[in-house]
Structure formats: C-alpha cells, structure tokens
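Report on the structure given below.
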Amino acid sequence: MMECVSTARAAVLVNGAVTNEFRMYRDDTILLLRVKEKVVRNSKYVLRCSELLSGLSINFLKSCKVGFGVEEEFLFRIAAICKCKIEFLPFNYLGIPLGADPRKILSWSGIVDRVERKLLGWKSRSLSWAGRVVLINSMLSSLPIYFMSIFQAPVAVINKTDKIRRKFLWGSEGGRQKMAKVKWKQIYTPKEKGGAGVVDLRVKNKTLIAKWV
C-alpha cells in the first residue's frame with residue numbers, strides 16, 4: 001500500500017498481464033481496511049506521507065468512511081480520527097450504487113429518472129422520425145449502458161425504459177401516446193434489413209454481462 005500511494009501511480013493485473021501505470025485521480029480512489037483503529041491511524045499516516053512524496057493533497061473533509069458490518073459508534077470514532085464524513089450502504093462510487101441490490105427496481109430508479117428528464121428538454125414534434133431514432137440511440141439507449149455493463153437489469157426496468165423510448169419515437173398528442181406505425185420488434189431490426197436500428201436493451205444487457213463469464 002505504501003508503494004502504491006507514495007508513487008501516486010498504480011498498475012493492475014488484467015488476465016495475468018500488467019497494465020501500463022496510471023495516476024490516481026481525485027474521486028476515484030477507494031481503500032479497503034481492516035476494522036481496527038490502529039490500521040486506520042496507520043493508513044492516515046501513510047496517506048500523509050504520500051502527500052509529501054507526490055505533491056498531491058488529500059482533502060479529508062471531502063473523503064468519507066463506510067463501514068461493512070461495523071458498529072456505528074466505531075465508525076464515528078474513526079471518522080473523527082481522519083476528520084472525514086460518514087457514508088452508509090448503499091453509496092455511489094464512480095456512478096455505481098455500491099451495496100444496492102441490482103435485482104430491485106428501486107436500485108435502477110435513478111437511471112430511469114435520468115432518461116425521463118432527458119425527454120423534458122426535447123420536443124419530438126420538431127424532430128423528424130429519423131432524428132428521433134438518432135437521439136434514442138445516442139442518448140436514451142446509452143444512459144443505462146453503464147449500469148447494464150455490470151448488472152443484469154430487471155425485466156420491469158427494461159420495459160419501463162422501452163415505454164419511454166416508444167413514447168418519444170411515436171410522439172404524443174393531448175397527453176396521449178400516438179398509435180405505433182409498426183411493431184416495436186421491427187424497430188430493433190438493423191437498418192440494412194428494413195428496420196430502424198434502435199438498440200435492443202435486452203440483447204445489449206446480455207452481451208455486456210457475457211464479458212464477465
């Protein structure tokens with residue numbers, strides 16, 4: 001650990017091969033420590049040494065402690081030692097809610113809400129049908145991809161996202177969605193086969209998850 005933080009650079013093994021060195025940037029470093037006060041104090045000392053050796057500065061006021069199976073009293077005590085905040089599970093790390101159950105729809109509510117918020121700034125009436133397809137693929141379909149590359153999305157989440165995409169594609173009038181011109185399955189078909197080439201989130205999710213096998 002001392003070598004890692006003192007050089008402010010790190011390399012990891014990917015499929016048995018060492019990657020190129022990369023610097024540790026703010027907001028993306030996480031340390032896993034044993035539940036002992038001595039370990040916490042020593043880790044703070046090492047981090048202070050890394051500041052002197054690397055020239056980087058750690059803002060402990062913006063850092064936080066998260067306990068796994070730790071008593072709350074102990075968590076507050078070590079937070080006082082490091083002068084940092086306390087977080088509880090689930091918490092966001094690099095955009096992923098660590099500790100959340102991906103099988104629950106509630107864990108995906110933030111993604112679905114972001115997709116819906118994107119629609120608020122767009123007016124489908126002023127866009128051509130082809131323009132709407134481009135926006136669906138570039139924005140509405142790409143927003144959940146980060147999550148789907150790590151977790152398998154519940155069927156209800158994909159259905160909800162598809163409903164939002166369909167509503168935007170076909171448009172609405174008087175608060176009511178217009179009738180679909182073709183089956184949604186046809187919309188998934190590649191353009192060279194007569195479809196619209198809209199991303200099938202179910203297939204995309206399975207493809208992304210397969211890389212972990």
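Under full-length UniProt numbering, the first residue of the sequence shown carries the number 1, and numbering increases by one thereafter.
Positions of the beta carbon are idealized from the N, C-alpha and C atoms, including for glycine.
Item, Value
"Contact test: Trp170 Cβ vs the ligand NAP heavy atom, cutoff 8 Å", "The model on display carries no ligand, and the ligand NAP is accordingly not part of it."
"Separation of Ser107 from Ala100, as counted between CA atoms", "6 Å"
"Complete alpha helix (DSSP H) runs within the stretch 79-131 (minimum length 4 residues, chain order)", "109-120"
"contact_flag[the stretch 129-138, the stretch 183-200] where n(CB pairs < 8 Å) is 3 or more", "yes"
"Three-way DSSP call (helix, strand, coil) for Val66 in this model", "strand"
"Span of the alpha helix (DSSP H) around Glu51", "Glu37 to Ser54"
"Simplified DSSP state of Trp212, which is helix, strand or coil", "coil"
"Cα-Cα separation between Lys152 and Asp200, rounded to whole angstroms", "Residue 152 is actually Gln in this sequence, not Lys. Gln152 and Asp200: Cα-Cα distance of roughly 14 Å."
"Span of the alpha helix (DSSP H) around Asp162", "Val155 to Trp170"
"Under 9 Å between C-beta atoms of Leu143 and Lys178", "no"
"Close-in-space but distant-in-sequence residues of the same chain around Phe91 (CB under 8 Å, 5 per side omitted)", "Cys64, Val66, Pro97, Leu98 and Gly99"
"Exposed unless 16 or more other CB atoms sit within 10 angstroms - verdict on Phe147", "buried"
"Three CB pairs or more closer than 8 Å across the stretch 75-95 and the stretch 50-58", "no"
"Leu148, enclosing alpha helix (DSSP H) - first and last residue", "As written in the sequence, residue 148 is Met, which differs from the Leu given in the question. Per DSSP, Met148 belongs to the alpha helix (DSSP H) from Ile145 to Met148."
"Nearest-angstrom beta carbon gap, Ser43 and Leu61 [assumed within contact, 8 Å]", "Actually they are not in contact, since the Cβ atoms of Leu61 and Ser43 sit about 17 Å apart, beyond 8 Å."
"For Ala79, the nearest candidate out of Ser149, Pro190, Lys163 and Lys36 (CA to CA)", "Lys36"
"Lys104 versus Asp113 - alpha carbon distance", "15 Å"
"Nearest-angstrom Cα separation, counted from Ser126 out to residue 273", "There is simply no residue 273 to check, as the chain begins at 1 and stops at 213 in what is shown."
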